[in-house]
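These protein sequence lines are chains F and G, in that order.
Residue numbering for the first sequence follows my numbering, starting at 1438 and increasing by one per position.
Residue numbering for the second sequence follows my numbering, starting at 15 and increasing by one per position.
As structure tokens, the structure follows; a few thoughts come after it.
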Amino acid sequence: MTTWIDAGCILIVFFALIILATSRIVGMIRIFVLQSCVLSLMPLFLHAEAVSARDVMLSLGTVSLKAALVPFVLFWAIRRISMRTEVKPLIGVGASIVCGALLIAGAFWVSLALRIPGRPVTDLGLPCALATVLLGFMIMVTRTRAVTQVIGYLVIENGIFLFAVSLFDAMPTLIEMGILLDIFVAVFIMAIVLNNINEEFEHDPGGESRAKMGETF
Amino acid sequence: MILMILFHWFFVGLTAPFLIGVIARVKALVSGKVGPSLFQPYFDLIKLFSKQCVYSHGVTWVFRISPAVTLAAMLIVCLLVPFGSLKAPVQFSGDILLIVAVLSLSRFFMIAAALDTGFSLEGLGASREAFFACLSEVALFMCLIALTLLARRMSLSGMLGADSPLSWNLLGPALLMVVASLFIVMLAENCRIPVDDPDTHLELTMIHEVMLLEHSGVDLAYMYYAAIIKFFIFGAILVPIILPVQTIFPFINTLIFAGGMIGLAALVGLVESSMARIRLNRVRNLLLIAFALAFFGLIVTLWRGAL
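Given below as structure tokens:
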């Protein structure tokens, strides 16, 4: 079972990296759906020897919210304001991938120093959760469109969820459900906000002509 | 020793073109055609070998020796790679470096020959080949370093050989990433579809094929043969990692290896028929993802070793 848990953790980080490397918003959302599906299996994998009703609930809740409702709202927002679907990165895709790889290395290095009390099921849970959070930050910081920043936020959320699921056995169901609802509400509000902003948060008149790092092909 | 080397070459030379035939057949079947015979690459090679070479006036000796050097380099690399229960005739600690070095030597001569012709499109292809090779080499090195750490051996035969089969249970996730990365590197190095289309005849988009435009006859056969053997070598590195099954019967081991190679060729055929080639400036991103995968695999390996 540990192999499956490890593979799940690594897949979540890998999908975060692929989101960073995707240049279409629709593609980013699709990969986010995949990431959330893998994430929703994690509670079942982690308590494989005795799957409780709570794990099943948590898993179903994650799937229905993160892999169905949130993407639906995002797609709806994109269609509603009929925005162009290219991601506008501040640094190029190639440079982002290399930075992402370095961030993963950084996350593993930092978690060598972190000593979490208790015995985790897998030693990959903590570094992978940290790496996902960092990659989410990277997506938020370097992608200028409003929707892509929402996706970055959601990836960060997935990282935190992975952290909580893999490290703490006893988290009250209510709090977990509360977190899930929080995200949904946050995305919903952002979708409404998006309708008003339409294109992007910042207006940088010089930004168009500036050469992008790592896009010199 | 000499006999072993000759048998190794004999084995590669005889079986490698078959894999290309399998790829072509799978691609034809998926698109609903009957397709060429499985032995078509053999017929092509025989046809080319019976023709004469034509050289244009401007070319120098670089162009003339490059096919021979390319094929010789591939044959040298063959000697370092075990094929199933057929042990590698030459193996020493650190031979992975030699493999990468000889592969780049063959690429250097291919690029030099392409530039030697003075044909602008060949220069274009040469520049692309050099650029993508830089990226795929980094990914390949990352994979080899990760494999070295996983298997705790410095030679390729040690990594893939019978004495320490890499096990999926123990090293699963890290190995999975290395395999995925190696697969992308294999597609890129052998100019298969997501990176380059081996069947295209549009000079502007070709990478590898455009460098062969000026070669003819026996020279072209050498280049073609070298490309076929290169695919076989990458397959022979990848298959024992994916299928680390070892029995006590050499015959069954060879059967597993052969089945794995044909399966891999079929997989490449499926990938080729299900994907379009990606835009040229996206190839870099694909190769960087391969690098990131291998790097991530390396980190996980180190992490497991550190704890």
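Glycine residues also receive a C-beta, built at the ideal position from the N, C-alpha and C atoms.
Check, Outcome
"Flag this pair as touching only if the stretch 66 to 78 of chain G and the stretch 307 to 317 of chain G have three or more C-beta atom pairs under 8 Å; answer yes or no.", "no"
"Less than 8 Å between the beta carbons of G:Leu158 and G:Ile110, yes or no?", "yes"
"Which residues, in chain order, does the stretch 1527 to 1556 of chain F contribute to contact with chain G at a C-beta distance below 8 Å?", "Val1530, Gly1531, Ile1534, Val1535, Gly1537, Ala1538, Ile1541, Ala1542, Phe1545, Leu1549"
"Rounded C-beta distance between G:Pro55 and G:Pro31? I'm assuming under 8 Å.", "4 Å"
"Taking 7 Å as the line, does the beta carbon of G:Leu234 fall inside it for any heavy atom of the ligand NAP?", "With respect to small molecules bound, the structure shown includes none, and the ligand NAP cannot be examined in it."
"Quick check: the Cα distance between G:Met124 and G:Phe146, rounded to an integer number of angstroms?", "14 Å"
"Roughly how many angstroms lie between the CA atoms of G:Val83 and G:Ser120, to the nearest whole one?", "6 Å"
"Just mark G:Ala299 as buried or exposed, buried being the case when its beta carbon has 16 or more other beta carbons within 10 Å.", "It is Asn, not Ala, that sits at residue 299 of chain G in the sequence shown. Flag for G:Asn299 reads buried."
"Whole angstroms is fine: what's the gap from F:Leu1502's alpha carbon to F:Leu1617's?", "7 Å"
"If you count every other CB in all the chains shown that lies within 10 Å of the CB of G:Thr315, and 16 or more means buried, which is it?", "buried"
"Report the option in F:Ala1444, F:Val1602, F:Thr1579 whose CA atom is closest to the CA atom of F:Gly1537.", "F:Thr1579"
"Roughly how many angstroms lie between the CA atoms of F:Met1650 and G:Leu278, to the nearest whole one?", "With a pLDDT of 48 at F:Met1650, under the threshold of 50, the modelled position of that residue is not reliable, and the figure given next carries that caveat. Distance between the alpha carbons of F:Met1650 and G:Leu278 is about 38 Å."
"Report the option in G:Leu174, G:Ala126, G:Phe245, G:Met191 whose CA atom is closest to the CA atom of G:Ser99.", "G:Leu174"
"Indicate the three-state DSSP secondary structure (helix, strand or coil) for F:Arg1647 in the structure shown.", "With a pLDDT of only 48 at F:Arg1647, under 50, the local geometry of the prediction cannot be trusted, and the value read off the model is given with reservation. Coil at F:Arg1647, not helix or strand."
"Look at the Cβ atom of G:Ser287, then the Cβ atom of G:Ser70, and state whether they are nearer than 8 Å.", "no"
"Span of the alpha helix (DSSP H) holding G:Arg139?", "Contrary to the premise, residue 139 of chain G reads as Gly rather than Arg in this sequence. G:Gly139 -> alpha helix (DSSP H) spans 134 to 165."
"Quick one: is F:Thr1569 near chain G, going by C-beta distance under 8 Å?", "no"
"Report yes if the C-beta distance between G:Leu252 and G:Met289 is below 8 Å; otherwise report no.", "no"
"Would F:Ala1485 count as contacting chain G if we go by Cβ distances under 8 Å?", "no"
"Does DSSP put G:Arg291 in a helix, in a strand, or in coil?", "coil"
"Counting only runs of 3+ residues fully inside the stretch 1535 to 1603 of chain F, write out the beta strand (DSSP E) ranges in chain order.", "none"
"With three or more beta-carbon pairs closer than 8 Å as the criterion, would you say the stretch 87 to 99 of chain G touches the stretch 160 to 174 of chain G?", "yes"
"To the nearest angstrom, report how far apart F:Phe1482 and G:Gly186 are at their CA atoms.", "16 Å"
"How about F:Asp1443 and F:Thr1559: do their beta carbons lie closer than 8 Å?", "yes"
"Taking only beta-carbon positions, decide if F:Pro1480 is within less than 8 Å of chain G.", "no"
"For G:Ser74, which option in G:Ala126, G:Val48, G:Leu33, G:Leu112 has the closest C-alpha, if you only look at C-alpha atoms?", "The residue you asked about is not Ser; residue 74 of chain G is Thr in the sequence shown. Closest by alpha carbon: G:Ala126."
"Quick one: is G:Leu201 near chain F, going by C-beta distance under 8 Å?", "no"
"Here's the rule I'm using: 16 or more other beta-carbon atoms within 10 Å means buried, otherwise exposed. How should F:Met1465 be labelled?", "buried"
"Check G:Leu28 in the structure and name its three-state DSSP category.", "helix"
"Which two residues bound the contiguous alpha helix (DSSP H) that contains G:Arg78?", "75 to 94"
"With H, G and I counted as helix, E and B as strand and the rest as coil, what does DSSP make of G:Leu216?", "coil"
"Going along the chain, which residues of its own chain have a beta-carbon closer than 7 Å to the beta-carbon of G:Ser107, five neighbours each way excluded?", "Met168, Ser169"
"Do you know whose CA, among F:Trp1513, F:Gly1562, F:Val1587, lies nearest F:Phe1574's CA?", "F:Val1587"
"So what does G:Phe97 bridge to, in DSSP terms?", "G:Leu100"
"Under 8 Å, Cβ to Cβ, is there at least one residue of chain G near F:Arg1647?", "Bear in mind that the predicted position of F:Arg1647 carries a pLDDT of just 48, short of 50, making it too unreliable to give a figure here."
"Starting from the C-beta of F:Ile1597, find all residues in its chain whose C-beta is less than 6 Å away, skip the five residues before and the five after it, and write them out in chain order.", "none"
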